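Trainee:
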Ligand code: S3P
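Residue numbers (this note's numbering): 22 to 198.
(1) Using a Cβ-Cβ cutoff of less than 7 Å, which residues in the same chain neighbour residue 45 once the five nearest sequence positions on both sides are dropped?
(2) Say the cut is 7 Å; is the CB of residue 54 nearer than that to a heavy atom of ligand 1?
(3) Which same chain residues end up closer than 6 Å to residue 167 when comparing Cβ atoms and leaving out the 5 residues on each side of it in sequence?
(4) Within a Cβ cutoff of 6 Å, which residues of the same chain sit near residue 88, ignoring the five residues on either side of it in sequence?
(5) In angstroms with no decimal places, state the Cα-to-Cα distance between residue 158 and residue 103.
(6) Roughly how many whole angstroms lie between the Cα atoms of residue 202 and residue 115?
(7) Could you give the C-beta distance for residue 165 and residue 120, rounded to a whole number, given that I count them as a contact under 8 Å?
(8) Leaving out the 5 sequence neighbours to the left and right, which residues in its chain are closer than 7 Å to residue 183 when beta-carbon positions are compared?
(9) Extract the residue ranges of the beta strand (DSSP E) inside the region 106-191, only unbroken runs of 3 or more that lie entirely within it.
(10) Leaving out five residues on either side along the sequence, give the residues of the same chain with a beta carbon under 7 Å from the beta carbon of residue 66.
(11) Secondary structure at residue 30, three-state DSSP: helix, strand or coil?
(12) What are the boundary residues of the beta strand (DSSP E) that residue 95 is part of?
(13) Between the C-alpha atoms of residue 91 and residue 28, what's the straight-line distance to the nearest angstrom?
(14) I want to check one thing, is the minimum distance from the CB of residue 36 to the heavy atoms of ligand 1 below 7 Å?
(15) Of the choices 146, 133 and 82, whose alpha-carbon is the least far from that of residue 202?
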């Protein structure tokens, strides 16, 4: 296992936590959404609007494939990335999967007012449905932190402490030091 992969619903803190975690480990950080935006030269919203979700998912698939082949990087995925079994397989084969969880209330208060997530445009019931349906995917993570009531440092420290307790994990020594 070479990488650390953050998974979870939109607004659980994957990007913020991932960036800070990478800093702590002195590793590089990649956010799949930002890489997709870079490669396509379009924002996620624009890709959805102009080309649809199918195109976004195919760009995401390519980016995941590429990032999974790297070593010692922290990857923040998009909320829907690990729904594709091929993405899960590639990421988990070479990485420790860390789930970030948050209550629907916490999620909506963090990002409900933002306009950069095409899948959050619907009414609350639809968002709740999506959240519920996806929990089974995120539940497969090796370790999960509930970020609802925690600040970034608390979440990062919890992950580092867990990594430090892991056996048979060469790079986890970094977290122990
Ligand atoms: C999505 C989550 C978004 C982004 C896209 C689709 C999803 O990423 O990939 O809007 O399907 O949940 P974040 O989880 O970083 O918001």
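Ideal Cβ placement from N, Cα and C applies to all residues, glycine included.
All values derive from a computational prediction rather than experimental measurement.
Mentor: According to the structure shown:
(1) Closer than 7 Å at the Cβ level, and outside the excluded window around residue 45, lie 177 and 181.
(2) Yes, ligand 1 has a heavy atom inside 7 Å of this Cβ.
(3) Once the five neighbours on either side are set aside, the close Cβ partners of residue 167 are 122.
(4) Excluding residues within five positions, the ones whose Cβ falls inside 6 Å are 51 and 96.
(5) The C-alpha of residue 103 is placed about 7 Å away from the C-alpha of residue 158.
(6) The requested residue 202 does not occur in the structure, where the chain is confined to residues 22 to 198.
(7) Contact flag correct, Cβ pair sits at about 4 Å.
(8) In the same chain as residue 183, and ignoring 5 residues on each side of it, the C-beta atoms closer than 7 Å to its own belong to 164, in chain order.
(9) Within the region 106-191, the complete beta strand (DSSP E) runs of at least 3 residues are 116-122 and 164-167.
(10) Excluding sequence positions up to five before and after residue 66, its CB lies within less than 7 Å of the CB of 137 and 139, all in the same chain and listed in chain order.
(11) Three-state result, residue 30: coil.
(12) Run containing residue 95: 94-97, per the beta strand (DSSP E) assignment.
(13) The alpha-carbon atoms of residue 91 and residue 28 are separated by roughly 18 Å.
(14) Yes, since a heavy atom of ligand 1 falls inside the 7 Å radius drawn around the Cβ of residue 36.
(15) Nothing in the structure corresponds to residue 202, since the chain is present only between 22 and 198.
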